[in-house]
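Chemist:
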Amino acid sequence: MGIFKDEYETKRVIFNINMDIAERLEKAKKDARRFGKKLDIDETVSSAVEKFLKRAEKKLAEMQLNEKKKRKKNSDQILAKENEPEDEDSSDIENNSPIEDESFN
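Residue numbers 1 to 105, in full-length UniProt numbering, belong to the letters of the sequence shown in order.
See the structure below:
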């Protein structure tokens, strides 16, 4: 990462920064211009934003994956409830069948 700027294609984006940093930046720009140079702020900001975006995108991907897992778990639970037997009386009759009673043997 260089200190002085090479020209290349950019897109203007506005960020809020602390006042003291902004004032120091303006002073450094003026000082560089006195020597016929431009500070390469764009590359520095681009690098910092790139690093931030990598972390943000990773976190967002994790959140999306967790959301998908949660939805799948909920849909699996709904399917399991739908597949449960609805008639509980018939299962009770089968469990209490007199044929299985040892007194008849």
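Think of the CB as a built atom: it goes at the ideal place given N, C-alpha and C, for glycine as much as any other residue.
(1) Using the C-alpha atoms, what's the distance from ASP42 back to LYS11?
(2) Anyone know if the C-beta pair for LEU39 and LYS51 falls short of 9 Å?
(3) Which residue from PHE35, ASN18, SER46 puts its Cα closest to that of GLU9?
(4) Runs of 3 residues minimum, wholly inside the region 21-82: which ones carry the beta strand (DSSP E) assignment?
Modeler: The answer reads as follows:
(1) 10 Å
(2) no
(3) SER46
(4) none
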